[in-house]
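**Q** If you use my numbering, the sequence shown corresponds to residues 220 to 516, in order. Can you keep this structure in mind? I'll have questions shortly.
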Amino acid sequence: MLMQQLLNGVVVGSVYGLFALGFTLIFGVNHIMNMAHGAVFMWGAFAGLYAVILFDVPFPIALLIGAVGGGMVSVVLDWVAFRPLRKRGAPEFSSIVSSIGASLIMLSLAQQLTATRVMRFPFDIFPIVVFNFMGLRIQLLQLIIVGIVFLMVIGLLYYLYRTKYGRHIRSVAFSEQTSKLLGINPFAVNFQLFFLSGALAGIAGVLIGIVFNSVHFMMGEPLLLRAFVVIILGGLGSIPGALIAGLLIGIIQTLTVAYISAGMADALVFSLLFLVLLVRPTGLLGNSGAVARVTRI
C-alpha cells in the first residue's frame with residue numbers, strides 16, 4: 220500500500236513540477252511572479268480537450284495542441300500585460316497586478332464559454348493498460364506521464380544550456396541592457412520564453428485533465444498556490460529544484476490524503492516549506508544573491 224501511494228505521489232508530483240517549470244522560468248528571466256500562469260494552464264487543457272471532442276485527435280496530438288494553445292495564450296499575455304510595462308521600466312509589483320487582472324479576464328472568458336461546466340476527456344483517449352509488478356498496480360498512463368515530464372525537463376535544460384537561443388535567454392536573465400549590446404533581441408527572447416512557459420503549462424493541463432478526468436475554468440488556481448511552494452522550496456530560478464520540490468510535494472500530499480486526512484495535505488506541505496526555509500532560506504537548490512539566482516536557470 221505504501222509503495223503504491225509513493226508511485227501515485229511521484230506521478231502527481233511530476234506534473235506539479237512540470238507546471239512550476241514554466242512559472243519559475245518566467246521568474247528566473249524577467250523577475251516577475253506571473254499570477255496568470257494558472258489561467259494559461261487551464262486554457263492549454265481546454266485546447267487539448269476541444270481538439271479531442273471536435274476533431275477526435277489521438278492523445279499525442281491533443282498533447283501537442285495543448286502545448287501550442289498554452290504557448291500562444293502565454294505569448295498574448297506577455298504582449299498585453301507585461302511588454303508595455305517592461306518598455307516603461309515599471310516596477311515588478313506592477314507586473315504582478317497586471318497579471319492578476321489578465322488572469323481574472325481569462326477565467327471569466329472560460330467561465331462564460333463553458334457555462335461553468337466541468338468537462339471531461341473521452342474515456343478512450345488513452346488505453347487502460349495495467350501492469351502488476353511486485354504487488355504494484357502500474358498504469359501505462361502513469362509511466363507515460365512520468366516519462367513525458369522527465370523528457371521535457373531534460374529537453375528544457377538542453378535548450379537553455381546547449382543552444383544559441385538558450386544562451387540568449389540566459390543573457391537576458393543576467394542583464395537585458397548588456398544583452399542588447401551583444402546584439403541579442405530581447406523581444407525575440409521574451410517571445411520564446413513565454414511560449415516555452417505556456418507550452419509547459421499546456422502540457423501539464425492536458426495531463427492533469429486526463430489523470431483526474433476533469434477540466435474546468437478554475438482548475439489552475441490550486442496549482443498556482445502549489446507552484447509558489449515548489450519554486451520557493453526548490454530554490455528561486457532553479458529548474459532541477461522545481462522538479463525535485465514538485466515530486467516531494469506530490470508524495471507528501473498523496474501520503475497525507477491516504478493515511479491522515481485530505482484536509483491536512485496543504486497544512487503539511489506548508490509546514491515542510493517553513494522547516495526547510497529555517498534551515499536553507501534559499502531553498503533546496505537555491506543560492507544567495509540575485510545574479511546567482513537568475514543565471515542558474
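Where is the CB? At the ideal position from N, CA and C, for every residue including glycine.
Assign Gly350 to one of two classes, buried (16 or more other C-beta atoms within 10 Å of its C-beta) or exposed (fewer than that).
**A** According to the sequence shown, residue 350 is Phe rather than Gly. Classification for Phe350: exposed.
**Q** Can you tell me whether Val476 is helix, strand or coil according to DSSP?
**A** Of the three classes helix, strand and coil, the one that applies to Val476 here is helix, per DSSP.
**Q** Give me the residue from Gly354, Val488, Val434, Leu419 with the minimum Cα distance to Ile244.
**A** Note on identity: in this sequence residue 244 is Leu, with Ile being the wrong assignment. The option with the nearest alpha carbon to Leu244 is Leu419.
**Q** Is Leu462 near Val372, with beta carbons less than 7 angstroms apart?
**A** Contact flag set, yes.
**Q** Is the Cβ-Cβ distance between Val248 and Ala446 less than 7 angstroms?
**A** Going by C-beta atoms, Val248 is not nearer than 7 angstroms to Ala446.
**Q** Considering only residues of the same chain and omitting the five flanking positions on each side of Gly469, which have a CB-CB separation below 6 angstroms?
**A** Around Gly469: Gly228, Val231, Gly232, Tyr235.
**Q** When burial is assigned at 16 or more other CB atoms within 10 Å of the CB, is Ser318 buried or exposed?
**A** Ser318 comes out buried.
**Q** Nearest to Ala266 by CA position, among Ile280, His256, Met254, Ala255, is which residue?
**A** Ala266 has its Cα closest to that of Ile280, out of Ile280, His256, Met254, Ala255.
**Q** Could you check what DSSP says for Leu401 in three-state terms: helix, strand or coil?
**A** Note: Leu401 maps to coil in three-state DSSP.
**Q** Note down the Cα distance separating Asp485 from Met254, rounded to an integer number of angstroms.
**A** Computed Cα separation, rounded: 20 angstroms.
**Q** For Pro341, which option in Ala270, Thr382, Gln330 has the closest C-alpha, if you only look at C-alpha atoms?
**A** That would be Ala270, whose Cα lies nearest to the Cα of Pro341.
**Q** According to DSSP, is Met338 helix, strand or coil?
**A** Three-state result, Met338: strand.
**Q** Please list the segments of the beta strand (DSSP E) lying wholly inside the segment 359 to 432, counting only runs of 3 or more residues, in order along the chain.
**A** Fully enclosed beta strand (DSSP E) runs of 3 or longer: not present.
**Q** Could you tell me the distance, in whole angstroms, from the CA atom of Ile403 to the CA atom of Gly421?
**A** Those two C-alpha atoms are separated by around 28 angstroms.
**Q** For Gly289 versus Gly428, is the C-beta spacing smaller than 7 angstroms?
**A** No, they are not a contact pair.
**Q** Determine the DSSP secondary structure at Phe447, reduced to helix, strand or coil.
**A** If DSSP states are grouped into helix, strand and coil, Phe447 belongs with the helices.
**Q** Please work out which residues of its chain come closer than 8 angstroms, Cβ to Cβ, to Ile520, disregarding the five sequence neighbours upstream and downstream, and give them in chain order.
**A** No answer is possible for residue 520: it lies beyond the span of the chain, which begins at 220 and ends at 516.
**Q** Does the beta-carbon of Ala334 have 16 or more other beta-carbons within 10 angstroms, so that it is buried, or is it exposed?
**A** With fewer than 16 other Cβ atoms within 10 Å, it is exposed.
**Q** Is it buried or exposed for Ser322, if we count other Cβ within 10 angstroms and need 16 for buried?
**A** Buried.
**Q** When DSSP labels each residue in this structure, what does Phe345 get in the three-state scheme?
**A** Residue state, collapsed to three classes: coil.
**Q** State the beta-bridge partners of Val434 as determined by DSSP.
**A** In DSSP, Val434 forms a bridge with Met338.
**Q** For Tyr378, collect the residues of the same chain with a Cβ closer than 6 angstroms to its Cβ; drop the 5 residues on either side in sequence, then sort them by chain order.
**A** Gly385, listed in sequence order.
**Q** Under the assumption that His256 contacts Leu375 (Cβ atoms under 8 angstroms), give the Cβ distance between them as a whole number of angstroms.
**A** About 16 angstroms; that fails the 8 angstroms criterion.
**Q** Please confirm whether Ile450 and Ala239 have their CB atoms less than 7 angstroms apart.
**A** A contact, by the Cβ cut-off of 7 angstroms.
**Q** Going by C-alpha distance, which of Gly354, Gly454, Val476 is nearest Val498?
**A** With distances taken between Cα atoms, Val498 lies closest to Gly454.
**Q** Whose CA, out of Gln472, Leu504, Leu426, lies closest to the CA of Ile344?
**A** Closest by alpha carbon: Leu426.
**Q** Which residues does DSSP pair with Ile357 in a beta bridge?
**A** Answer by DSSP bridge pairing, in chain order: Phe350.
**Q** Among Leu283, Ser398, Ile324, whose alpha-carbon lies nearest the alpha-carbon of Ile367?
**A** It is Leu283.
**Q** Could you spell out where the alpha helix (DSSP H) holding Leu333 opens and where it closes?
**A** With the sequence shown as reference, residue 333 is identified as Thr, and Leu is not the correct amino acid for it. Per DSSP, Thr333 belongs to the alpha helix (DSSP H) from 311 to 333.
**Q** Tell me which residues share the same chain as Ala329 and place their Cβ nearer than 8 angstroms to its Cβ, disregarding the 5 neighbours each side in the sequence.
**A** Here the set comprises Ala258, Met261, Trp262, Phe265, Phe436.
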